[in-house]
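Undergrad: Following my numbering, the numbering of the sequence shown begins with 220 at its first residue and continues without gaps.
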Amino acid sequence: MADYIEGKRPVIEALRAQMPVKCVLMADNLQQDGQVKDILRKARQFDVPVKTVTRRKLDELSARGSHQGIMAEARPYRYAGFKDILRAAEQHAEEHDGNALVVVLDHITDAGNLGAIARSVEIVGASGLIIPNKRSAHVTAATYKSSAGAINHIPCAQVPNIASTLEKLKEAGFWVAGASEQAHYTVWEAPLHGKIVLVMGNEGEGLSRLTQESCDFLTKLPQEGKVGSLNVAQAATAVMYEWMRQCHVKAQA
């Protein structure tokens, strides 16, 4: 089933984030205002064909009835394989003093959070992102937008079972760190350097029991304030940067 992006601003954002767009569909009676001209300009820039169709056709394709006379048909995201991420991590470790990071998401359900985490994965130089293939957010237009296009530059794999995937990573020499508010040690005290798998839990429930049991250790962010913890994307970013910092300190020692 095709994934359609509806409306002028969402189509602009999809093109700007370099989401793989198959074509732009434009109503034959649509007036060319500034946003429409911007869409046509970006479509030319990224070699995306623009097709003129009837407004009735857009109405038939629209899921929300908010197309404003313009829609974009997105190509399906091409997921990497688990072995692709493992190879990339092993190569990174060889080239960076034994350091590599893989991020695993335990049933994150918001596609925007997935994109925000993917952006941080790319920025810190992690080797890839792993998500479940069921009961989890998948890569959508919202992911491209919140990742600012970073999802195009990192491998993201879907796996059928998180626990068995973590076991495979441990067999490959990785230490598995689960982020949990129930942890006894903060990220400042945890050994977040070397070959690390960072596991982030669901937005509401955190890590599942089975996933926690598969972790080598749990860690949490230090907190001085009284407000609740950071959301999962913010927390993941903070822990990733602590991995990056510890690897740098170790390399300088």
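From the three backbone atoms N, C-alpha and C, an ideal C-beta is built for every residue, glycine too.
What residue range does the beta strand (DSSP E) around W394 cover?
TA: The sequence position of residue 394 within the sequence shown is 175, counting from 1. That run of the beta strand (DSSP E) goes 394–398.
Undergrad: Could you check whether C375 and A330 sit closer than 8 Å to each other, using their CB atoms as the reference points?
TA: Position 111 of the sequence shown, counted from the first residue, corresponds to residue 330. Position 156 of the sequence shown, counted from the first residue, corresponds to residue 375. Not a contact, by the Cβ cut-off of 8 Å.
Undergrad: Let me check understanding here. Comparing Cα to Cα, which of G397, A391, E408 lies closest to R428?
TA: On the sequence shown, residue 428 is found 209 positions in, with the first residue counted as 1. The residue with the shortest Cα to Cα distance from R428 is G397.
Undergrad: Along the chain, where does the alpha helix (DSSP H) that runs through A236 open and close?
TA: Position 17 of the sequence shown, counting from 1, holds the residue named residue 236. Taken as a continuous stretch (DSSP letters only), A236 belongs to no alpha helix (DSSP H), as it is neither H nor E.
Undergrad: Using 8 Å as the Cβ pair cut-off and three pairs as the minimum, do the region 302–316 and the region 441–460 touch?
TA: Not touching, per the Cβ criterion.
Undergrad: Less than 8 Å between the CB atoms is what I'm expecting for N318 and C466, so what's the real figure, rounded?
TA: Position 99 of the sequence shown, counting from 1, holds the residue named residue 318. Position 247 of the sequence shown, counting from 1, holds the residue named residue 466. Yes, they are in contact, since the Cβ atoms of N318 and C466 sit about 4 Å apart, within 8 Å.
Undergrad: With DSSP as the reference, please indicate the residues paired to K414 in a beta bridge.
TA: As a working note, residue 414 is residue 195 in the sequence shown. DSSP, once it has assigned bridges, lists A319 as partnering K414.
Undergrad: Can you tell me which of the three DSSP states G331 falls into?
TA: One-based indexing of the sequence shown puts residue 331 at position 112. Looking at G331 - three-state DSSP - the assignment turns out to be helix.
Undergrad: Quick one: measure Cβ to Cβ for G420 and S448, integer angstroms, because I've assumed they're closer than 8 Å.
TA: The residue given as residue 420 occupies position 201 in the sequence shown. The residue given as residue 448 occupies position 229 in the sequence shown. The pair is not a contact, with the Cβ atoms about 11 Å apart (cut-off 8 Å).
Undergrad: Under the three-state reduction of DSSP, which class applies to G300: helix, strand or coil?
TA: Counting from 1 along the sequence shown, the entry for residue 300 is found at position 81. Three-state DSSP puts G300 in coil, outside helix and strand.
Undergrad: Would you call N352 buried or exposed, if buried means 16 or more other Cβ atoms sit within 10 Å of its Cβ?
TA: Residue numbering aside, residue 352 sits at position 133 when the sequence shown is read from its first letter. The residue in question, N352, is exposed, as its Cβ has fewer than 16 Cβ neighbours within 10 Å.
Undergrad: Just the C-alpha distance for A236 and N371, rounded to the nearest angstrom, thanks.
TA: Within the sequence shown, the letter at position 17 stands for residue 236. Within the sequence shown, the letter at position 152 stands for residue 371. The alpha-carbon atoms of A236 and N371 are separated by roughly 9 Å.
Undergrad: So, for R354: in the same chain, excluding its five sequence neighbours on each side, which residues have a beta-carbon less than 8 Å away from its beta-carbon?
TA: For the purposes of this step, residue 354 is taken as the residue at position 135 of the sequence shown. Within the same chain, R354 has close Cβ partners H326, T328.
Undergrad: Who are the Cβ neighbours of T384 in its own chain at under 8 Å, not counting the five residues just before and after it?
TA: Indexing the sequence shown from 1 puts residue 384 at position 165. Contacts found: F301, V323, I349, V378.
Undergrad: Count the other C-beta atoms from every protein chain shown that fall within 10 angstroms of the C-beta of S285, then say buried if there are 16 or more, exposed otherwise.
TA: The residue labelled residue 285 in the question sits at position 66 within the sequence shown. S285 is exposed by the Cβ-count criterion.
Undergrad: If distances are taken between C-alpha atoms only, which option among F436, G368, Q431, D316 comes closest to V468?
TA: The count along the sequence shown starts at 1 and reaches residue 468 at position 249. Out of F436, G368, Q431, D316, D316 has the C-alpha closest to the C-alpha of V468.
Undergrad: Within the continuous beta strand (DSSP E) that includes D222, where are the two ends?
TA: Within the sequence shown, numbered from 1, the residue matching residue 222 stands at position 3. Per DSSP, D222 belongs to the beta strand (DSSP E) from 222–225.
Undergrad: Check whether the region 234–248 touches the region 271–285, counting contact only when three or more Cβ pairs, one atom from each stretch, lie closer than 8 Å.
TA: Counting Cβ pairs under 8 Å, three or more are found: they touch.
Undergrad: Taking 8 Å as the threshold (C-beta atoms), are L234 and I258 in contact?
TA: Taking the sequence shown and counting its residues from 1, one reaches residue 258 at position 39. Taking the sequence shown and counting its residues from 1, one reaches residue 234 at position 15. Yes; because the gap between Cβ atoms is below 8 Å, this pair is in contact.
Undergrad: Could you give the distance in angstroms between the alpha-carbon of L190 and the alpha-carbon of E424?
TA: Nothing in the structure corresponds to residue 190, since the chain is present only between 220 and 472.
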